[in-house]
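Taking this note's numbering, the leading residue of the sequence shown gets 8, the next gets one more, and so forth.
Notes follow once the structure below has been shown.
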Amino acid sequence: MNMQNQSISRIQILDGGQGYVAGDFNITSAEGFGFQSVFMVNSKGTITNTWIKSHGQDFTLNPSAYDVYYAGTSVKQVWSNKSE
């Protein structure tokens, strides 16, 4: 993720996985909120592209974690930069 003016300006897909269904997702952190995006998948359900609908606000450059939610649900994936 690139940060600009405390909002998320870009999403980079490192591993698109498999078995996903295209849809919307939201990202929040301890401080940041309001990020909304759409992701597209190929025939194998691999995430291939994202489109940012709202860049959000109050995100920090190095948060300890982000919560990524499928829009309209409580299903989330937690991204953390803490090594375990």
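Backbone N, C-alpha and C define an ideal beta-carbon position, used for all residues, glycine too.
Fair warning: this is a prediction, and the values are worked out from it, not measured in the lab.
So what does DSSP say about residue 83, is it helix, strand or coil?
Three-state DSSP puts residue 83 in a strand.
Residue 35 bridges to which residues according to DSSP?
74
Which term fits residue 33, buried or exposed, when burial requires 16 or more other beta carbons within 10 angstroms of its beta carbon?
buried
Exposed or buried, what is residue 50 when buried is set at 16 or more other beta-carbons lying within 10 Å of its beta-carbon?
exposed
Integer-rounded CB distance, given that residue 45 should sit under 8 angstroms from residue 55
That belief does not hold up - the Cβ atoms of residue 55 and residue 45 are roughly 12 angstroms apart, past 8 angstroms.
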